[in-house]
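Engineer:
Residue numbers (full-length UniProt numbering), protein chains in the order written: chain A, 1 to 449; chain B, 1 to 449.
What follows is the structure in structure tokens.
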């Protein structure tokens with residue numbers, strides 16, 4: 001049994017590790033076009049800011065280590081050029097010497113990931129315009145920051161990466177401007193919470209340019225100015241383009257593998273594609289929104305790990321499933337934690353629910369205990385069933401715990417009453433006698449009844 | 001409609017507040033023998049240590065405030081002496097002038113609470129031997145600490161209060177000795193976790209005397225020595241007796257109200273006792289263990305609030321239920337958080353499950369992010385169904401979140417596989433791509449399959 005895995009970051013290495021444990025004598029080969037595998041993509045903003053001082057800390061396993069630990073052959077600098085599924089063969093180019101080669105397989109796992117979207121904006125090719133996805137990207141940004149000491153940075157796109165990088169650049173004493181085409185930052189949370197986050201960003205001296213896109217970048221060799229669609233001119237020394245990512249699925253599509261939402265590879269809960277013996281996992285693959293039951297593309301590190309593990313198990317003859325996701329996302333933005341899970345009002349209405357949004361201002365813990373901080377917690381409930389469909393929260397402390405508890409509750413199909421009933425831990429440093437989750441449930445119960 | 005409530009701390013005031021909102025024109029009277037109502041019992045250790053500087057901060061509502069806010073008559077210093085259920089009358093003694101009186105009622109809510117158990121040990125009446133339950137107790141301890149500057153304190157009983165007070169006394173620069181009759185501290189968590197907590201207590205220079213009870217206290221007027229059953233002599237300037245509490249249900253029993261587990265008042269999920277129009281809630285009342293379905297007595301502040309709310313709603317003509325508890329408990333002990341929920345191995349076996357305990361050492365968040373701390377997480381699963389029955393954890397960070405997520409999962413009847421599937425939030429400051437809850441699920445799934 002020979003298993004070939006294309007891509008060696010979160011999903012690819014999870015798949016390889018699990019496959020090697022599942023079937024000890026399987027021959028497993030990872031083909032990765034970059035030099036790095038198994039790195040912590042989510043840690044890159046903290047490496048750039050210096051919060052994580054050493055590049056080494058981001059690398060979970062170097063290729064040789066990984067190879068030794070799991071008995072897996074790791075071929076870095078190998079770019080796959082085509083998938084010949086009928087012949088069970090993958091063609092590649094060895095980037096170190098530009099030679100071609102191939103690997104036969106019994107089972108193929110595609111973990112090709114996703115890449116930043118480069119918008120076709122005039123001036124996008126100027127120097128000092130970056131994207132941030134791989135360790136090399138972080139290296140490049142870090143080097144530029146160290147060598148040319150940019151004073152002003154413009155971040156285009158206020159999603160998770162854009163917001164995390166706003167903090168990172170601010171930590172490096174740069175003046176940060178955040179440009180977002182939508183009316184509010186972080187579209188994954190409801191507007192009323194985005195506004196609180198925007199206040200916090202402004203408190204941290206981040207300039208926000210909302211409801212405005214980039215018309216063009218100008219400068220000589222290097223970018224010097226960002227001109228927005230509304231005509232604003234933002235002097236800048238560095239630009240981070242973080243408008244989004246798209247799945248790397250051209251190879252799969254060319255090979256006749258079915259694509260789905262956002263051109264991610266269509267998979268079932270076993271991570272099987274429409275082609276026999278071919279699996280896909282991680283940021284290149286689809287998943288299911290567990291609240292709506294609809295197919296979705298939600299590229300996140302935690303999902304990549306689980307899908308990789310599932311694909312690896314099944315490719316090696318075991319049995320595993322990954323049912324889907326709640327789109328749970330969380331991020332630290334300066335002193336705030338922002339998180340969301342499940343579906344929000346608009347998506348709920350589209351899915352046929354009668355959504356009732358409830359927002360409560362709740363304490364992280366007992367008011368008399370040091371470190372007291374209220375935060376905003378919002379739940380979306382279905383009026384008919386009382387079921388919790390989604391939640392979001394913004395604040396300085398206590399956010400991550402409640403969002404995870406609510407994610408667990410959404411996963412289990414719990415109602416407003418269940419949030420009141422479930423018995424959460426109370427002591428003054430951790431909560432209040434009526435936990436924020438219970439308060440949300442109590443208020444919601446009255447509204448949906 | 002006149003509702004009389006006996007007891008005005010957590011459950012009694014919750015009941016009164018909810019009843020007044022449920023039925024605005026109801027006449028509501030609280031009879032409380034102490035002067036304080038509506039105070040934060042769980043905050044007392046932090047008031048004694050000075051972490052909470054002002055007594056005022058512990059009082060959620062003073063009687064006049066509460067009275068005004070909710071339109072409730074609050075009679076403090078009124079000790080109820082008998083319940084005349086057939087005549088719908090409560091007899092009381094006004095402690096300020098020693099006069100007797102009575103209140104008629106249509107509905108009666110008993111929220112009489114619980115009191116510290118005073119063991120019949122020789123010398124127990126010596127000065128400087130305290131219990132800690134009410135604000136007055138805290139006042140007395142604080143005054144003694146301030147006036148006589150005790151250097152050595154002995155705490156008898158290493159439950160939640162005993163452990164919290166070990167920290168408080170240590171913060172006041174006292175030498176702390178903790179005497180526990182059981183083999184390990186904090187019987188609510190499994191031995192292997194108690195041992196980690198014991199190591200931490202010893203690191204904080206708390207002397208542990210385990211597997212040993214108190215034979216007698218000696219001294220002149222004041223206690224000077226604790227002599228243990230094994231013959232150890234512990235020189236001491238102050239003793240805290242924290243061996244446990246028992247429900248205050250003598251009045252109820254005399255009135256023919258049925259008692260249950262540990263002599264707590266038997267109630268159904270509507271908080272109704274066996275006598276019509278009589279409700280009970282809080283530390284004097286029974287509840288149900290939601291995992292085993294068996295009646296239980298679990299006196300905790302969060303439960304008292306919920307039961308009070310439920311009793312208040314129903315007494316005022318509304319409809320509410322409190323289904324029961326998971327016995328979720330949490331406490332801060334110096335730099336450690338210790339928590340447990342659901343049932344542990346022994347109780348699971350008794351309840352007819354085939355319990356499989358799984359302990360994992362897991363990270364609070366990404367290893368490369370500042371503040372990384374591994375902690376110990378233990379789950380108890382049913383071999384037959386894979387269902388999570390209980391959990392416990394000990395460590396410096398990340399404990400409270402995972403125990404609450406697991407409490408939510410136990411409440412919902414989730415399995416080891418569900419712990420893997422549920423989509424918890426991941427970003428480096430908050431978790432790892434495989435959250436500790438998912439790791440526990442993954443390891444458990446292999447063991448129970």
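Every residue gets a Cβ at the ideal spot worked out from N, C-alpha and C, and that includes glycine.
For residue 200 of chain A, which of A:348, A:341 and A:333 has the nearest alpha-carbon?
Structural biologist: Taking the first chain and counting its residues from 1, the one referred to as residue 200 of chain A is at position 200. With distances taken between Cα atoms, residue 200 of chain A lies closest to A:333.
Engineer: Would you kindly work out how many angstroms separate the C-alpha atoms of residue 177 of chain B and residue 426 of chain A, rounded to a whole number?
Structural biologist: Counting from 1 along the second chain, the entry for residue 177 of chain B is found at position 177. Counting from 1 along the first chain, the entry for residue 426 of chain A is found at position 426. The alpha-carbon atoms of residue 177 of chain B and residue 426 of chain A are separated by roughly 26 Å.
Engineer: Please identify, using Cβ separations under 8 Å, the residues of the segment 53-66 of chain B that lie next to chain A, in order along the chain.
Structural biologist: Those residues of the segment 53-66 of chain B that come within reach of chain A (Cβ to Cβ, closer than 8 Å) are 57 and 58.
Engineer: Please identify, using Cβ separations under 7 Å, the residues of the segment 8-26 of chain B that lie next to chain A, in order along the chain.
Structural biologist: 10
Engineer: By how many angstroms is the C-alpha of residue 284 of chain B removed from the C-alpha of residue 113 of chain B?
Structural biologist: In the second chain, counting from the first residue as 1, residue 113 of chain B sits at position 113. In the second chain, counting from the first residue as 1, residue 284 of chain B sits at position 284. Roughly 5 Å between the two C-alpha positions.
Engineer: In the DSSP assignment, what residue or residues form a beta bridge with residue 332 of chain A?
Structural biologist: Mapped onto the first chain, residue 332 of chain A falls at position 332. Residue 332 of chain A pairs with A:337.
Engineer: Run down chain A in chain order and give the residues with a C-beta less than 9 Å from the C-beta of residue 42 of chain B.
Structural biologist: Within the second chain, numbered from 1, the residue matching residue 42 of chain B stands at position 42. Those are 366, 426, 427, 428 and 433, listed as they occur along chain A.
Engineer: Closest Cβ-Cβ distance between residue 231 of chain B and chain A: below 8 Å?
Structural biologist: What you label residue 231 of chain B is simply residue 231 of the second chain in a count that begins at 1. Closer than 8 Å: no.
Engineer: Output, in chain order, the set of chain B residues within a Cβ distance shorter than 9 Å of residue 251 of chain A.
Structural biologist: Within the first chain, the letter at position 251 stands for residue 251 of chain A. Those do not exist, as residue 251 of chain A stays about 25 Å from chain B at its closest Cβ, beyond 9 Å.
Engineer: Just checking my contact of residue 95 of chain A with residue 153 of chain A at CB under 8 Å: how many whole Å lie between their CB atoms?
Structural biologist: Position 95 of the first chain, counted from the first residue, corresponds to residue 95 of chain A. Position 153 of the first chain, counted from the first residue, corresponds to residue 153 of chain A. Residue 95 of chain A to residue 153 of chain A, Cβ: 31 Å. No contact.
Engineer: Any Cβ of chain B within less than 8 Å of the Cβ of residue 28 of chain A?
Structural biologist: As a working note, residue 28 of chain A is residue 28 in the first chain. Not flagged as an interface residue toward chain B: residue 28 of chain A, since no C-beta distance is shorter than 8 Å.
Engineer: Using beta carbons (cut-off 8 Å, strictly below), is residue 313 of chain A in contact with chain B?
Structural biologist: Looking up residue 313 of chain A in the first chain gives position 313. For residue 313 of chain A, the answer is no, since every Cβ of chain B falls outside 8 Å of its Cβ.
Engineer: Can you find at least 3 beta carbon pairs, one from the segment 268-287 of chain B and one from the segment 391-408 of chain A, that sit closer than 8 Å?
Structural biologist: Segments in contact, no.
Engineer: Return the CA-CA distance between residue 321 of chain A and residue 249 of chain A, expressed in angstroms with no decimal places.
Structural biologist: Residue 321 of chain A sits at position 321 when you count from the first residue of the first chain. Residue 249 of chain A sits at position 249 when you count from the first residue of the first chain. Answer to the nearest angstrom: the Cα atoms are 22 Å apart.
Engineer: Determine the chain B residues that contact residue 370 of chain A at a beta-carbon separation under 9 Å, and present them in chain order.
Structural biologist: Working through the first chain from its first residue, we reach residue 370 of chain A at position 370. One finds 46, 51 and 52 in chain B with Cβ atoms closer than 9 Å to the Cβ of residue 370 of chain A, taken in chain order.
Engineer: Residue 84 of chain B by DSSP, collapsed to three states: which one?
Structural biologist: As a first step, residue 84 of chain B must be located in the second chain, where it is residue number 84. Residue 84 of chain B: strand per DSSP, three-state reduction.
Engineer: So, does the CB of residue 325 of chain B fall closer than 8 Å to a CB anywhere in chain A?
Structural biologist: Here residue 325 of chain B refers to the residue found at position 325 of the second chain. Yes - at least one Cβ of chain A is within 8 Å of the one on residue 325 of chain B.
Engineer: Determine the direct distance from the alpha carbon of residue 296 of chain B to that of residue 205 of chain A, and round the result to whole angstroms.
Structural biologist: Position 205 of the first chain, counting from 1, holds the residue named residue 205 of chain A. Position 296 of the second chain, counting from 1, holds the residue named residue 296 of chain B. For residue 205 of chain A and residue 296 of chain B, the distance between alpha carbons rounds to 54 Å.
Engineer: Would a check of beta-carbon distances place residue 165 of chain A closer than 8 Å to chain B?
Structural biologist: Taking the first chain and counting its residues from 1, one reaches residue 165 of chain A at position 165. With 8 Å as the cut-off, residue 165 of chain A does not count as an interface residue toward chain B.
Engineer: So is residue 327 of chain A buried or exposed if we call it buried at 16+ other beta carbons inside 10 Å?
Structural biologist: The residue labelled residue 327 of chain A in the question sits at position 327 within the first chain. Residue 327 of chain A is buried by the Cβ-count criterion.
Engineer: Would you tell me roughly how many angstroms separate the C-alpha atoms of residue 161 of chain A and residue 311 of chain B, rounded to the nearest one?
Structural biologist: Taking the first residue of the first chain as 1, we reach residue 161 of chain A at position 161. Taking the first residue of the second chain as 1, we reach residue 311 of chain B at position 311. So the alpha carbons of these two residues sit roughly 49 Å apart.
Engineer: Between residue 356 of chain A and residue 376 of chain A, is the Cβ-Cβ spacing less than 8 Å?
Structural biologist: Within the first chain, the letter at position 356 stands for residue 356 of chain A. Within the first chain, the letter at position 376 stands for residue 376 of chain A. By the CB criterion at 8 Å, residue 356 of chain A and residue 376 of chain A fall outside the cutoff.
Engineer: Does the CB of residue 178 of chain B have a neighbour CB from chain A at under 8 Å?
Structural biologist: Counting from 1 along the second chain, the entry for residue 178 of chain B is found at position 178. So no, residue 178 of chain B is outside the interface.
Engineer: Please state whether DSSP places residue 37 of chain A in a helix, a strand or coil.
Structural biologist: Residue 37 of chain A sits at position 37 when you count from the first residue of the first chain. It is coil, neither helix nor strand.
Engineer: Mind pulling the chain B residues with CB within less than 7 Å of residue 401 of chain A?
Structural biologist: For this step, residue 401 of chain A is matched to residue 401 along the first chain. Here the neighbours are 400, 401 and 404.
Engineer: Could you give the residue range of the beta strand (DSSP E) that holds residue 217 of chain B?
Structural biologist: Within the second chain, numbered from 1, the residue matching residue 217 of chain B stands at position 217. Start and end: 214-219.
Engineer: Going by DSSP, what residues sit across from residue 94 of chain A in a beta bridge?
Structural biologist: The residue labelled residue 94 of chain A in the question sits at position 94 within the first chain. Answer is A:78 and A:99, bridged to residue 94 of chain A.
Engineer: Nearest chain A C-beta to residue 39 of chain B closer than 8 Å, yes or no?
Structural biologist: Counting from one through the second chain, the residue named residue 39 of chain B turns up at place 39. With 8 Å as the cut-off, residue 39 of chain B does not count as an interface residue toward chain A.
Engineer: Let me confirm a value: residue 254 of chain B is counted as buried when at least 16 other C-beta atoms fall within 10 Å, else exposed. Which label applies?
Structural biologist: Translated into positions along the second chain, residue 254 of chain B becomes position 254. Exposed: under 16 other Cβ atoms inside 10 Å.
Engineer: Just the C-alpha distance for residue 14 of chain A and residue 309 of chain A, rounded to the nearest angstrom, thanks.
Structural biologist: Counted from its first residue, the first chain places residue 14 of chain A at position 14. Counted from its first residue, the first chain places residue 309 of chain A at position 309. Taking the straight line from one Cα to the other gives about 5 Å.
Engineer: Using a Cβ-Cβ cutoff of less than 6 Å, which residues in the same chain neighbour residue 138 of chain A once the five nearest sequence positions on both sides are dropped?
Structural biologist: Sequence index remark: in the first chain, residue 138 of chain A carries index 138 (1-based). Answer for residue 138 of chain A: 44, 47 and 48, listed in chain order.
Engineer: Leaving out the 5 sequence neighbours to the left and right, which residues in its chain are closer than 6 Å to residue 351 of chain A when beta-carbon positions are compared?
Structural biologist: Your numbering for residue 351 of chain A matches position 351 in the first chain. Answer for residue 351 of chain A: 292, listed in chain order.
Engineer: What does residue 332 of chain B reach in chain A if we use C-beta pairs closer than 9 Å?
Structural biologist: In the second chain, residue 332 of chain B corresponds to position 332, counting from 1. Residues of chain A passing the Cβ test: 427, 428, 429 and 430.
Engineer: For the structure I just gave you, are there three or more beta carbon pairs, one from the segment 161-176 of chain B and one from the segment 188-196 of chain B, closer than 8 Å?
Structural biologist: With the cut-off at 8 Å, the segment 161-176 of chain B and the segment 188-196 of chain B do not touch.
Engineer: Give me the chain A residues within the contact set of residue 246 of chain B, using Cβ-Cβ distance strictly less than 9 Å, ordered along the chain.
Structural biologist: Position 246 of the second chain holds residue 246 of chain B. By Cβ distance, chain A contributes nothing, its closest Cβ being about 21 Å from residue 246 of chain B, past 9 Å.
Engineer: Quick one: give me the first and last residue of the alpha helix (DSSP H) that residue 222 of chain B is part of.
Structural biologist: For the purposes of this step, residue 222 of chain B is identified with residue 222 of the second chain, where counting begins at 1. That residue, residue 222 of chain B, is in no alpha helix (DSSP H); it is neither H nor E in DSSP.
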